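Take a look at the structure set out below.
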Amino acid sequence: MRKTICVLIVIGLCAVFSSVSAQDIVRIANETATPPFNFVDGNGKVQGFDVEIAAALCDVMGVKKVDVIQDWDGMIPGLIAKKFDAIISDMSITDKRLKVVNFSQSYYDEQGLFLARKGENIDFSVDGMKGKKVAVQRATTFANYIKGIYGSSVDIKYYETPASQILDLLSGRVDLILASDVFVHKTIKTKDGEKLAIVGSPVKDKKYIGDGVGIAVRKQDKELLENFNKALDTIKSNGTYDKIYNKWFM
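Structure (structure tokens):
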């Protein structure tokens, strides 16, 4: 009997410590490959808009933030497998993703822009795009857009990161890049970017691009989702969000 009681006490203590741990620490996945949203600086430190938003939210929530670097195409599988607790990494809210995870309210409205070599005259009709080589990051809303709009008429080239597409565009191995507006604007301000130009119209189609960027959590983590939403309301109302936004985008 005494042995049974001891076992029950140990189990109870483990449950308590597990609960406390879950509340005190939030592991946040980040790709660190899409500046200025997320990247690793010269000192090996994770930086960017997403990173500072995550830090501000965790501060409001009173929890410790732990960064987990994760390749993009393993983001949602990693979340479901409990490798981390949330994704704050420029992830758009789409119907397809909502089938497997929950999202917070949007904290950023994203659109896509096409980037080409200067002097290129691009016809964005289905016939005009026939045979074009288009670079996109694997498993993104932009990849879904190109596939959905142009299908087999274009040659879609998949990349692990947005930055890895630039060299192939400059060398002529691809004709176009479709990426986030922030990444594209940042790119054209670089030395290599002087040889490139934004072409076509911004891509805003919600069917593919989604309803803004949100924080992804597992379906069962409803309390964590509620805490993130409350924290987002707080940083939007107290000026913290605007301060972070202006630092990285203005």
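Numbering (mature numbering (1 follows the signal peptide of the UniProt record, and there is no 0)), first residue to last: -22 to -1, 1 to 228.
From the three backbone atoms N, C-alpha and C, an ideal C-beta is built for every residue, glycine too.
Nothing here was measured: the structure is a model prediction, and the numbers come from that model.
Asked	Found
Pro180 and Leu93 closer than 7 Å at C-beta	no
Assigned exposure category for Gln198 - 16 Cβ within 10 Å defines buried	exposed
Enclosing alpha helix (DSSP H) for Ile54 [first to last residue]	Met53 to Ile58
Three-state secondary structure assigned by DSSP to Gln143	helix
Distance between beta carbons of Ile193 and Phe81, contact taken as under 8 Å	7 Å
Three-state secondary structure (DSSP) of Lys225	helix
Beta bridge counterpart(s) of Ser70 as assigned by DSSP	Val191
Rounded C-alpha distance that separates Asp19 from Ala141	15 Å
Inter-residue Cα distance where the pair is Val78 and Gly97	43 Å
Per-residue DSSP class, three states only, for Phe92	strand
When Asp146, Arg5, Lys74 and Phe161 are compared against Val112, the one with the closest alpha-carbon	Asp146
Alpha-carbon to alpha-carbon, Ser84 and Tyr186	16 Å
Segment limits, beta strand (DSSP E) that includes Ala113	Lys111 to Gln115
Outcome for Ile58 when other beta-carbon atoms lying within 10 angstroms are tallied against a minimum of 16	exposed
Cut-off 8 Å between Cβ atoms - residues of its own chain near Asp133, not counting five sequence neighbours on either side	Gly109, Lys110, Lys111 and Val112
Alpha-carbon to alpha-carbon, Leu210 and Gln25	19 Å
Asn16 burial status per 10 Å Cβ neighbour count (16 or more: buried)	buried
Cβ-Cβ distance between Tyr128 and Met107 below 7 Å	yes
Where Asp170 falls, given that 16 or more other Cβ within 10 Å makes a residue buried	exposed
Chain-order list of residues whose beta-carbon lies under 8 Å from that of Val152 (same chain, five-residue window excluded)	Lys111, Val112, Ala113, Lys135, Gln143 and Asp146
Residues that Arg196 bridges to, as DSSP identifies them	Val79
Coil, strand or helix - Thr15 by DSSP	Residue 15 is actually Phe in this sequence, not Thr. Looking at Phe15 - three-state DSSP - the assignment turns out to be coil, as it is neither helix nor strand.
Three-state class that DSSP yields for Ile6 in the structure shown	strand
Residues that DSSP places opposite Gln25 in a beta bridge	Phe17
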